[in-house]
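Undergrad:
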Ligand SMILES: [Zn+2]
């Protein structure tokens, strides 16, 4: 009888282990499926200062990591107006060094300091631009000894995958945005890096044009299946953009870096789009959020 009782207990324990195993598999399944990711447009304006739109910037949030892409003129006020806690930002990625994309950095660091930030801030920057950014911070009197948090630099080169967090990475590829300057300055002394990006999170490929200058820039990641595209529209003809959308066929295309004329050209070209294309090509606005979770938008 004792043996029977012992046997029953053992069997009971095995059943318990089995149930725990099944529950843990479900937990893993749902954790993988539940990819908490979103992209919030902090600014959708062009290089021209506007009362309607902030300068171009994105906040990519994946699980518990928040990556700010570009921090141009006025970014602190833009974040404040969109109720983004400065200290929720874990990393800042810079595309290139036009003022509408980077000059808000020292002021943003000051806001973080005044908001008693203690956690490290990571800056993702091309290897050719790191010294400029470091110097910019230093010359703004933001000495490491005066900050209660560390600023760490993660240098990157083009064509290599950069890990941002467990669930977010990107590849940068040089585009033609700054090519027009090459004749004016010493290429040895000044870096002209300006990339487009491919972000990957939860298996989804997201193309972000950054600032570009030619339609060829739209195809830098054409080897990949693009789930989503985010493109600027100031420096590209609308017809070329629509052509790229049709060829690359992402589920959705969001337009940003919008000047007043760009808005009108989008309204005009919309008349030539099919109903399906109209639903898939959207003009972003400041504060607009793309939800990358499986629900509620099954198309993303
Ligand atoms: Zn710009």
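In the numbering used here, the protein residues as written are 6 to 305.
Think of the CB as a built atom: it goes at the ideal place given N, C-alpha and C, for glycine as much as any other residue.
Just grab the DSSP bridge partners of residue 320 for me.
TA: Only positions 6 to 305 of the chain appear in this structure, which leaves residue 320 out of reach.
Undergrad: Less than 8 Å between the CB atoms is what I'm expecting for residue 167 and residue 158, so what's the real figure, rounded?
TA: Contact flag wrong, Cβ pair sits at about 12 Å.
Undergrad: At a cut-off of 7 Å, would you count residue 218 as near ligand 1, judging by its Cβ distance to the nearest heavy atom?
TA: Outside the cutoff, so no.
Undergrad: According to DSSP, simplified to helix, strand and coil, what is residue 213?
TA: Correct three-state label for residue 213: strand.
Undergrad: Keeping to the same chain, check which residues put their C-beta closer than 6 Å to that of residue 101; ignore five residues upstream and five downstream.
TA: Contacts found: 199.
Undergrad: With DSSP as the reference, please indicate the residues paired to residue 68 in a beta bridge.
TA: Bridge partners of residue 68: none, in fact.
Undergrad: At which residue ranges does the segment 109 to 192 contain complete alpha helix (DSSP H) runs of 4 or more residues, listed in the order of the chain?
TA: For the segment 109 to 192, whole alpha helix (DSSP H) runs of length 4 or above, ordered along the chain, are 110 to 119, 135 to 143.
Undergrad: From which residue to which residue does the alpha helix (DSSP H) around residue 266 run?
TA: 265 to 275 is the span of the alpha helix (DSSP H), which, as asked, contains residue 266.
Undergrad: Using 7 Å as the cut-off, classify the Cβ of residue 78 as near or not near the heavy atoms of ligand 1, replying yes or no.
TA: No, since every heavy atom of ligand 1 falls outside the 7 Å radius drawn around the Cβ of residue 78.
Undergrad: At a cut-off of 7 Å, would you count residue 52 as near ligand 1, judging by its Cβ distance to the nearest heavy atom?
TA: Yes, the beta carbon of residue 52 sits closer than 7 Å to at least one heavy atom of ligand 1.
Undergrad: Counting along the chain, where does the beta strand (DSSP E) carrying residue 258 start and finish?
TA: Where residue 258 is concerned, the enclosing beta strand (DSSP E) stretches over 257 to 261.
Undergrad: According to the neighbour-count rule (16 or more other Cβ atoms, all chains shown, within 10 Å of its Cβ), is residue 237 buried or exposed?
TA: When all chains shown are included, residue 237 counts as buried.
Undergrad: Can we say the segment 216 to 235 touches the segment 250 to 264, given the rule of at least three CB pairs closer than 8 Å?
TA: The segment 216 to 235 is in contact with the segment 250 to 264.
Undergrad: Can you find the residues in the same chain that come closer than 6 Å, C-beta to C-beta, to residue 288, ignoring five residues on each side of it along the sequence?
TA: These residues qualify, in order along the chain: 260, 271.
Undergrad: Name the residue from 269, 294, 152 whose alpha carbon lies nearest to the alpha carbon of residue 235.
TA: Answer by Cα proximity: 294.
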